[in-house]
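Peer 1: Residue numbering for the sequence shown follows the working numbering, starting at 121 and increasing by one per position. Starting off with a structure, shown below.
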Amino acid sequence: MTAFDADLRSLAAQTSLSRRTVVATSLATGFAMAVQPIAAQTAIITDTNGLTAGEVKIPTQDGEIPAYRAMPANDGPFPTVLVVQEIFGVHEHIKDVCRRLAKLGYFAVAPELYARQGDVSKLTNIQQIVSEVVSKVPDAQVMADLDATVAFAKATGKADVTRLGITGFCWGGRIVWLYAAHNAALKAGVAWYGRLVGDTSTLMPKNPVDLAADLKAPVLGLYGGADQGIPISTIDQMKEACRAAGKTCEFVVYPGAPHAFHADYRPSYRAEPAHDGWQRLQAWFRQHGVA
Numbered sequence: 121m122t123a124f125d126a127d128l129r130s131l132a133a134q135t136s137l138s139r140r141t142v143v144a145t146s147l148a149t150g151f152a153m154a155v156q157p158i159a160a161q162t163a164i165i166t167d168t169n170g171l172t173a174g175e176v177k178i179p180t181q182d183g184e185i186p187a188y189r190a191m192p193a194n195d196g197p198f199p200t201v202l203v204v205q206e207i208f209g210v211h212e213h214i215k216d217v218c219r220r221l222a223k224l225g226y227f228a229v230a231p232e233l234y235a236r237q238g239d240v241s242k243l244t245n246i247q248q249i250v251s252e253v254v255s256k257v258p259d260a261q262v263m264a265d266l267d268a269t270v271a272f273a274k275a276t277g278k279a280d281v282t283r284l285g286i287t288g289f290c291w292g293g294r295i296v297w298l299y300a301a302h303n304a305a306l307k308a309g310v311a312w313y314g315r316l317v318g319d320t321s322t323l324m325p326k327n328p329v330d331l332a333a334d335l336k337a338p339v340l341g342l343y344g345g346a347d348q349g350i351p352i353s354t355i356d357q358m359k360e361a362c363r364a365a366g367k368t369c370e371f372v373v374y375p376g377a378p379h380a381f382h383a384d385y386r387p388s389y390r391a392e393p394a395h396d397g398w399q400r401l402q403a404w405f406r407q408h409g410v411a
């Protein structure tokens with residue numbers, strides 16, 4: 121057991137994770153209110169032709185949480201990708217990412233990781249989402265729910281979890297780094313503009329930069345050069361921490377791209393870096409055994 125996993129166990133005990141109640145019992149329909157109106161001219165909508173896709177329930181230690189699952193309709197088992205939500209939860213964009221991955225031949229599943237703290241889809245601004253829900257989500261809970269999602273995927277018989285990858289966006293980008301330090305069975309991760317340094321708390325005791333030496337899988341980090349919330353200096357810190365620890369980490373910084381450049385339904389979307397990052401994700405997964 122690493123120091124990080126010991127910290128997570130201690131955190132789980134302190135926050136009584138086993139006694140929490142699931143609040144969000146189903147997924148949001150459409151896009152989160154905080155991102156309305158959507159940029160309809162750029163939003164990508166992937167169909168379900170040739171797919172099995174829809175909401176599922178993930179058994180956890182305290183009940184079950186909702187998730188979105190998409191996979192090819194025939195054959196299997198398929199390589200497995202965990203998709204970790206943005207700050208806005210598992211709304212239409214994250215569901216669509218799952219369908220895009222399924223079209224590539226993956227079993228893709230996105231658990232609603234705020235299910236015990238609240239439904240962010242009905243909240244109208246980011247500050248409210250952070251203060252009322254996200255700030256109350258323990259890292260230990262997230263790691264346990266991702267582990268439960270892997271177990272669910274394996275139990276379906278349609279997912280090959282020996283070929284396990286993870287990708288996440290914004291809030292989920294940070295989680296990619298944490299999960300790569302947590303699960304030794306993970307083959308590879310792709311983190312889209314996930315925070316690397318910052319304040320810690322009882323519920324979030326470590327930053328990715330603190331966990332570089334604990335990384336168990338190679339991680340590709342995709343970042344925007346004009347991201348106001350993630351300075352280039354923090355990316356440089358993470359690069360150096362990974363290098364010093366001898367870990368396989370690669371970083372791509374897109375000049376002029378803002379935060380959330382992959383979010384095609386928002387004004388922050390930038391088509392060229394989003395497309396390039398998606399191609400790099402596929403290549404990274406193939407290179408490291410998630411294919």
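Note that CB positions come from ideal geometry on N, CA and C, so glycine has one too. Just so we're clear, the structure is a prediction, and the values are computed from it rather than from any experiment.
1) Helix or strand or just coil, what does DSSP make of residue 177?
2) Which same chain residues end up closer than 7 Å to residue 242 when comparing Cβ atoms and leaving out the 5 residues on each side of it in sequence?
3) Is the shortest distance between the beta-carbon of residue 329 and the beta-carbons of chain B less than 8 Å?
4) Return the first residue and the last residue of the beta strand (DSSP E) that residue 153 is part of.
5) Buried or exposed, going by whether 16 or more other CB atoms sit within 10 Å of the CB of residue 245?
6) Can you grab the Cα-Cα spacing for the pair residue 100 / residue 407, in whole Å?
7) Here's a check: name, in chain order, each residue in its chain whose Cβ is nearer than 7 Å to the Cβ of residue 166, leaving out the five neighbours to either side.
8) Can you give me the start and stop residues for the alpha helix (DSSP H) that residue 207 sits inside?
9) I need the DSSP call for residue 392, collapsed to helix, strand or coil.
10) Using CA coordinates, which residue listed in 330, 376, 402 and 200 is at the minimum distance from residue 351?
11) Quick check: what's the CA-CA separation for residue 180 versus residue 355?
12) Between the C-alpha atoms of residue 329 and residue 310, what's the straight-line distance to the nearest angstrom?
13) Take the Cβ of residue 395 as the centre, count every other Cβ of all protein chains shown within 10 Å, and call the residue buried at 16 or more, exposed below.
14) Exposed or buried, what is residue 139 when buried is set at 16 or more other beta-carbons lying within 10 Å of its beta-carbon?
15) Beta-carbon separation of residue 206 and residue 150 under 8 Å?
Peer 2: Walking through what the data contain:
1) Secondary structure at residue 177: strand, using DSSP grouped into helix, strand and coil.
2) Cβ within range, chain order: 153.
3) In the structure shown, chain B does not exist; there is a single protein chain.
4) Taken as a continuous stretch (DSSP letters only), residue 153 belongs to no beta strand (DSSP E), as it is neither H nor E.
5) With fewer than 16 other Cβ atoms inside 10 Å of its own Cβ, residue 245 counts as exposed.
6) This structure cannot speak to residue 100, because the chain is shown only from 121 to 411.
7) Excluding residues within five positions, the ones whose Cβ falls inside 7 Å are 216, 219, 220 and 223.
8) Run containing residue 207: none; DSSP gives neither H nor E here.
9) Reduced to three states, the DSSP call for residue 392 is helix.
10) When the alpha-carbon of residue 351 is set against those of 330, 376, 402 and 200, the nearest one is in 376.
11) Between the C-alpha atoms of residue 180 and residue 355 there is a straight-line separation of about 34 Å.
12) Going by C-alpha positions, residue 329 is about 16 Å away from residue 310.
13) Counting Cβ neighbours within 10 Å, residue 395 comes out exposed, since fewer than 16 surround it.
14) With a pLDDT of 47 at residue 139, under the threshold of 50, the modelled position of this residue cannot be trusted; read the value that follows with caution. Burial call: exposed.
15) Taking 8 Å as the Cβ cut-off, residue 206 and residue 150 do not qualify as a contacting pair.
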